[in-house]
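*Asks:* The structure that follows is given in the form of structure tokens.
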Amino acid sequence: GQERYRTITTAYYRGAMGFILMYDITNEESFNAVQDWCTQIKMYSWDNAQVVLVGNKCDLDQDRAVTQERGQRLADQLGLEFFETSAKENINVKAVFERLVDIILEKMSDAPEDPSGNNTGQANAGYGSQPGGYNKGGTTRLTVNDQQAKGNQCQC
């Protein structure tokens with residue numbers, strides 16, 4: 001979340017389906033930057049991108065600068081899920097990733113179907129319209145790469 005990385009991070013937003021927006025609970029400045037980072041995500045990513053807010057270093061409660069209540073209040077204000085974690089002590093780390101995946105899958109299952117009524121599984125909007133995207137029918141369209149088209153059977 002440091003300012004010096006802001007310009008290079010925007011390139012990574014494109015095509016991302018989910019974000020973990022993390023601040024350090026012992027650092028007020030990192031918490032204050034959350035809204036700016038959230039704005040950046042909204043500006044440079046898909047409208048459907050999902051975000052989870054995470055307060056990290058909950059193992060350092062004695063050094064806490066940001067209360068859990070403030071973190072939850074900000075998450076509610078921004079419409080985000082909220083967790084507190086400790087990467088050092090492995091507290092809630094897996095839960096954050098699992099929940100983000102669940103939220104993304106829920107959003108993908110809400111992707112619009114083909115407006116022609118032809119339920120081919122090829123969605124025309126939402127995730128289905130993006131390379132590598134999801135389509136509601138549960139099928140994935142695979143294309144033959146150049147080597148396979150030329151008859152080369154090597155899969156390496």
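In full-length UniProt numbering, the protein residues as written are 1 to 156.
Glycine included, C-beta positions come from ideal geometry on N, C-alpha and C.
Since the structure is predicted, the reported quantities are computational estimates derived from the model, not experimental observations.
In the DSSP assignment, find the unbroken alpha helix (DSSP H) run with residue 43 in it and report its ends.
*Replies:* That run of the alpha helix (DSSP H) goes 34-44.
*Asks:* Mark residue 12 as exposed unless 16 or more other C-beta atoms lie within 10 angstroms of its C-beta, in which case mark it buried.
*Replies:* Exposed, since its Cβ has fewer than 16 Cβ neighbours within 10 Å.
*Asks:* CB residue 54 to CB residue 83, shorter than 7 angstroms?
*Replies:* Yes, the pair counts as a contact, with Cβ atoms nearer than the cut-off.
*Asks:* Identify whether residue 108 lies in helix, strand or coil by the three-state DSSP scheme.
*Replies:* Residue 108 falls in the helix class under three-state DSSP.
*Asks:* Specify the secondary structure class of residue 79 as computed by DSSP and reduced to three states.
*Replies:* If DSSP states are grouped into helix, strand and coil, residue 79 belongs with coil.
*Asks:* In the DSSP assignment, the beta strand (DSSP E) including residue 20 goes from what residue to what residue?
*Replies:* That run of the beta strand (DSSP E) goes 18-24.
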